[in-house]
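Report on one structure; see the data block that follows.
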Amino acid sequence: MSGQKRVAAIHDISCFGRCSLTVALPILSAAGIETSVIPTAVLSTHTGGFEGFTYRDLTQDIRPISKHWQSLGLEFDALYSGFLGSFEQLEIVSALFDDFKKNDNIIFVDPVMADNGKLYSVFPPEFPDGMAKLCRKADIILPNMTEAAFLLGQTYKPGPYTPDYIEAVLKELSNLGPKMVVLTGVCTENHQLGAAVYDSRTGSIGYEFSPLVDGFYHGTGDVFASALLAALLNDFDLLQSARVAVDFTVESIKRTKEAGTDVRFGVDFENSIPNLIKALNKS
Ligand code: PXL
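Using our numbering, the first residue of the sequence shown is number 898, and each one after it goes up by one.
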């Protein structure tokens, strides 16, 4: 496909607390990418730290939406999935990937399910096996270090990590199926935090770091993944895309920390969008 790139973003809408679609849609759109959405659920807030959130499951809408799109002959440069709420959704999204896969498009799976050594409370212990199955269909996956451990059925090890450990994890994740792996939340002995990338087609491994900013902010995985996809679709290579995504995410976290915002509200990525666009125009 030539001309403007088009993505299908398949995530929930958390009405408050910047994450999933309320992050993916503005970031991809700002990067010049036509972004179609399949909302998988509507929640009043995300599930990370708010009591009493509402949850309307939209599983039954996913297949009719994708079948209608197929009947229209729509094609996508990337299919981007994030938080998926059930095994049934994993199966339906897997079938959707089969329906829209082409030789030259990207299946981009962010296996959102865990952080800080723990599976999110909404998921049963077997959920990572289902997510690992979906990852087999992906061209690129972007787990954080906790999700990587769950995908591989290994015990989570807190950082800092040695390059040998990171490189083994990257290769084992790629053995699940995806050609490319981006590992996030990679912390080194030098108090840096960032991403490690691996492309199994060339065997290349690279790192992009930033000085560690303390504190845990919700939705930063979605901010990072959306910026990385935005850069890839603007023809940056995997490592350059990781740099763009690290810078965008860290700048957004720093601004949010300075403002003293409740960490559950997500990060102020909105005011980093001008710099994201500048970075994307520097090709
Ligand atoms: O940011 C990931 C995410 C997305 N969607 C929902 C979530 C979370 C993380 O907690 O709860 C509903």
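Where is the CB? At the ideal position from N, CA and C, for every residue including glycine. Since we're looking at a predicted model, the values are computed, not measured.
Between the C-alpha atoms of residue i and residue j, what's the straight-line distance to the nearest angstrom?
{"i": "D974", "j": "G1050", "result": "31 Å"}
{"i": "L922", "j": "V934", "result": "8 Å"}
{"i": "V1019", "j": "V1083", "result": "25 Å"}
{"i": "D1001", "j": "E948", "result": "43 Å"}
{"i": "G1118", "j": "T1081", "result": "8 Å"}
{"i": "I989", "j": "L1109", "result": "38 Å"}
{"i": "K913", "j": "F1162", "result": "Sequence inspection shows Phe at residue 913; the Lys mentioned does not correspond to that position. Roughly 7 Å between the two C-alpha positions."}
{"i": "I1174", "j": "N1168", "result": "11 Å"}
{"i": "H1088", "j": "A928", "result": "31 Å"}
{"i": "F1145", "j": "A1011", "result": "22 Å"}
{"i": "Q1137", "j": "A1128", "result": "8 Å"}
So, are the CB atoms of residue i and residue j less than 7 Å apart?
{"i": "A1122", "j": "V1094", "result": "no"}
{"i": "T942", "j": "S911", "result": "yes"}
{"i": "G1091", "j": "S1071", "result": "no"}
{"i": "K964", "j": "S991", "result": "no"}
{"i": "Q901", "j": "E931", "result": "yes"}
{"i": "T937", "j": "Q986", "result": "yes"}
{"i": "L1048", "j": "A1029", "result": "yes"}
{"i": "C1032", "j": "L993", "result": "no"}
Who are the near neighbours of residue i in its chain, counting only those whose CB is closer than 7 Å to its CB and skipping five residues on each side?
{"i": "G1184", "result": "Residue coverage of the chain in this structure runs from 898 to 1180, which leaves residue 1184 outside it and unanswerable."}
Return the first residue and the last residue of the beta strand (DSSP E) that residue i is part of.
{"i": "A1035", "result": "Premise fails: A1035 is in no beta strand (DSSP E) and is neither H nor E."}
{"i": "D1159", "result": "Element bounds for D1159: n/a, residue is neither H nor E."}
{"i": "R960", "result": "Per DSSP, R960 belongs to no beta strand (DSSP E); it is in the alpha helix (DSSP H), 956-968."}
{"i": "I1004", "result": "1003-1006"}
{"i": "E931", "result": "931-942"}
To which residues of the same chain is residue i closer than 8 Å at the C-beta, ignoring the five residues directly before and after it?
{"i": "D1165", "result": "S1149, R1152, T1153, A1156, T1158"}
Ends of the alpha helix (DSSP H) at residue i?
{"i": "E985", "result": "984-997"}
{"i": "A1122", "result": "1117-1130"}
{"i": "P923", "result": "918-927"}
{"i": "E1044", "result": "1042-1049"}
{"i": "Y1062", "result": "1060-1072"}
With a threshold of 6 Å on Cβ separation, who are the neighbours of residue i within its own chain once the five nearest residues in sequence on each side are excluded?
{"i": "Y1104", "result": "A1093"}
Next on the checklist: Measuring CB atoms only, is the region 950-957 touching the region 1003-1012, in the sense that at least three cross pairs come out at less than 8 Å?
Outcome noted: The region 950-957, when compared against the region 1003-1012, does not touch it at the 8 Å Cβ threshold.
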